[in-house]
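Colleague: I have a structure here, written as structure tokens, and I will follow up with some questions on it.
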Amino acid sequence: MSQKNSMMQWLCIENKKFQPLLTFCIVLFLITLSFAMADTTEENGAEVEPKKSPIKIGGAMRANYVYGTYEDRTRYDSSGEPYLEDDGRGANFGDVDLELLRLNVDLDFHNVIGRAEYRWYPRYFGNSIGYSMIHTAWLGYDFEDTGTLKAGIVRVPFGPTDYGVSTSWFFDQHFYVGLADDPDMGIVWHNNTGNLTYDVGYFLMSEPQTIGNSLNSARYGYDVVKWEEQADEDGTVQWGVEENGFDEQHQFNLRAIYSIENVADIGVSAQFGLLQGTNVGDDEGGNHYALSAHMKNSAADFTLYSQFTYYAHNITDDTAWGTGDLIPMGAYEFAWP
Numbered sequence: 143m144s145q146k147n148s149m150m151q152w153l154c155i156e157n158k159k160f161q162p163l164l165t166f167c168i169v170l171f172l173i174t175l176s177f178a179m180a181d182t183t184e185e186n187g188a189e190v191e192p193k194k195s196p197i198k199i200g201g202a203m204r205a206n207y208v209y210g211t212y213e214d215r216t217r218y219d220s221s222g223e224p225y226l227e228d229d230g231r232g233a234n235f236g237d238v239d240l241e242l243l244r245l246n247v248d249l250d251f252h253n254v255i256g257r258a259e260y261r262w263y264p265r266y267f268g269n270s271i272g273y274s275m276i277h278t279a280w281l282g283y284d285f286e287d288t289g290t291l292k293a294g295i296v297r298v299p300f301g302p303t304d305y306g307v308s309t310s311w312f313f314d315q316h317f318y319v320g321l322a323d324d325p326d327m328g329i330v331w332h333n334n335t336g337n338l339t340y341d342v343g344y345f346l347m348s349e350p351q352t353i354g355n356s357l358n359s360a361r362y363g364y365d366v367v368k369w370e371e372q373a374d375e376d377g378t379v380q381w382g383v384e385e386n387g388f389d390e391q392h393q394f395n396l397r398a399i400y401s402i403e404n405v406a407d408i409g410v411s412a413q414f415g416l417l418q419g420t421n422v423g424d425d426e427g428g429n430h431y432a433l434s435a436h437m438k439n440s441a442a443d444f445t446l447y448s449q450f451t452y453y454a455h456n457i458t459d460d461t462a463w464g465t466g467d468l469i470p471m472g473a474y475e476f477a478w479p
């Protein structure tokens, strides 16, 4: 059997966790294809201008050119043993490194809307094939006067904007604790009445692990995850042990923002969800919650975002990392408590 067929067999048959994800992707592809094949011209006359396609396909590639000299780097294998790796960058005439490939599709057909985005990152030490993730994959319907409904892998409504208080390429602290720009698997209703905008969301689970070497961290947004490490009371990490940790389940979100014209956008956000544990003692359940007050102020070309957030994870102290005060969170193929 060829390597390609072996990979497909592993994805579709032997690896059960990919079957729901594969089914969802196939359904999304077929729905998108049906809209793409729809007739987009009028039949009333020969001079009629064709309509714009309801499908927009885009993407991006990010690469870096490196020139310089770098010392060998200390790396660690899957068992935690250190080894030296030749950096290899910048020698001779330099080196071009691929950083990201991205494919995105947008749908806008009458009141039916949708968006999908897939990202692939190149290989790195300990990972020979790179890793990839579904950033976004949802279908929705615009009810016009009564709001918009989205279902699939959709961004969790929390904070003053989709990206928290960040206004640059750098995320603020909320992103790294899963409270900004975090897509999960669920459904979100968005509406506005006068000056009031509000969102209601229910999320069955965090977005699924895609393709990578980590147990559950090949994802874009930071989530509570399971990993295959443990730590002793001194903080020393032991690699390659039995999987342990928590999964996010049944999360509810509420957000309301009131706009005072030329003054401020004042809002509150609330989140509550359950945690399902694996190999964390007798008590394998838990919960997490977050409350936030936030505001956006604008004056001429100056904008100020402010946000105060309280969040907590309530879990057992009988964990593989030795405490209930820490919890593994993962993204970009790496997890750490």
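Position one of the sequence shown corresponds to residue 143 (the working numbering), numbered consecutively onward. Cβ coordinates follow ideal geometry from the N, Cα and C atoms, glycine included. Everything numeric in this text was worked out from a predicted model, so none of it was measured.
For GLN315, does the three-state DSSP call read helix, strand or coil?
Modeller: helix
Colleague: Pull up the distance between the alpha-carbon of GLN384 and that of GLN418, whole angstroms please.
Modeller: What sits at residue 384 in the sequence shown is Glu, not Gln. For GLU384 and GLN418, the distance between alpha carbons rounds to 16 Å.
Colleague: Please name the residue, chosen from TYR453, PRO196, GLY415 and ASP248, that lies closest to LEU346 on a Cα-to-Cα basis.
Modeller: Selected option, being the one with the closest Cα: GLY415.
Colleague: Do the segment 422-431 and the segment 450-458 meet, that is, are 3 or more Cβ pairs less than 8 Å apart?
Modeller: Taking 8 Å as the limit for Cβ pairs, the verdict is that the segment 450-458 does touch the segment 422-431.
Colleague: Go ahead and pull the three-state DSSP assignment for THR533.
Modeller: Outside the shown range of the chain (143 to 479) lies residue 533, about which nothing can therefore be said.
Colleague: Can you list, in chain order, the residues of its chain with a C-beta nearer than 8 Å to that of THR420? Leave out the 5 residues immediately preceding and following it.
Modeller: LYS368, GLU385, ASN386, GLY387, PHE388, ASP389 and GLU426
Colleague: Could you give the DSSP three-state label for ASP424: helix, strand or coil?
Modeller: coil
Colleague: If you reduce the DSSP assignment to three classes, tell me which class ASP287 lands in.
Modeller: Looking at ASP287 - three-state DSSP - the assignment turns out to be helix.
Colleague: Buried or exposed, going by whether 16 or more other CB atoms sit within 10 Å of the CB of ILE199?
Modeller: exposed
Colleague: Considering just the uninterrupted stretch of the beta strand (DSSP E) at SER448, what are its terminal residues?
Modeller: 444-456
Colleague: Find out if the Cβ-Cβ distance for the pair ARG283, VAL254 is shorter than 8 Å.
Modeller: In the sequence on display, residue 283 carries Tyr and not Arg. In this structure, VAL254 lies closer than 8 Å to TYR283 by Cβ.
Colleague: Using the rule of at least 16 other Cβ atoms within 10 Å of the residue's Cβ for burial, across every protein chain shown, is GLU241 buried or exposed?
Modeller: exposed
Colleague: Tell me the DSSP secondary structure of GLY472 in three-state form.
Modeller: strand
Colleague: Tell me the DSSP bridge mates of ASN85?
Modeller: The requested residue 85 does not occur in the structure, where the chain is confined to residues 143 to 479.
Colleague: According to DSSP, is GLY210 part of a helix, a strand, or is it coil?
Modeller: coil
Colleague: Would you kindly check if the distance between the Cβ of GLY201 and the Cβ of ARG257 is under 8 Å?
Modeller: no
Colleague: Enumerate in chain order the residues of its own chain whose CB-to-CB distance from MET149 is below 8 Å, with the five nearest sequence positions on each side excluded.
Modeller: Confidence is the limiting factor: at MET149 the pLDDT is only 42, short of 50, which leaves the residue's position unreliable, though a coordinate-based value still follows. Result list for MET149: empty, nothing under 8 Å.
Colleague: Quick check: the Cα distance between MET471 and SER356, rounded to an integer number of angstroms?
Modeller: 12 Å
Colleague: Less than 8 Å between the beta carbons of ARG330 and GLY320, yes or no?
Modeller: The sequence shown places Val at residue 330, not Arg. No, the pair does not count as a contact, with Cβ atoms beyond the cut-off.
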